[in-house]
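In my numbering, the protein residues as written are 99 to 170.
Ideal Cβ placement from N, Cα and C applies to all residues, glycine included.
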C-alpha cells in the first residue's frame, strides 16, 4: 500500500501476483463499482449464484429461503 504522498508503506511482495483465469490480477474496482442496480429479486439471485461472476450477496434473513430454492 501507499501513503497519501504516494510512498510505499510496505514494499510489494516479491512473489508474482495471483492471476485469474481471464488474466486479470486486480478486480477490486469491479466490486467497488457495485450499486443498488445490481440488486435483484430472490428468484434472479437463485439463478445468478451460478452465472454471475461475483456471485450474490444476501442477508441472514433471506439465507434459509435462498438455500431452499437452490436446485439440488
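- How close, in whole Å, do the beta carbons of residue 144 and residue 161 come, if the pair is a contact with beta carbons under 8 Å? Numbered from 1 along the chain shown, position 46 holds the residue referred to as residue 144. Numbered from 1 along the chain shown, position 63 holds the residue referred to as residue 161. 12 Å between Cβ atoms; not a contact.
- Query: With 16 other CB atoms within 10 Å as the buried threshold, where does residue 163 fall?
  - Reply: Here residue 163 refers to the residue found at position 65 when the chain shown is read from its first residue. Counting Cβ neighbours within 10 Å, residue 163 comes out exposed, since fewer than 16 surround it.
- Item | Spatial distance of residue 113 from residue 166 (CA atoms) | Indexing the chain shown from 1 puts residue 113 at position 15. Indexing the chain shown from 1 puts residue 166 at position 68. In a straight line, the C-alpha of residue 113 is about 42 Å away from that of residue 166.
- Spell out the partners DSSP gives residue 100 in its beta bridges. Position 2 of the chain shown, counted from the first residue, corresponds to residue 100. DSSP output for residue 100 lists 106 as bridge partner(s).
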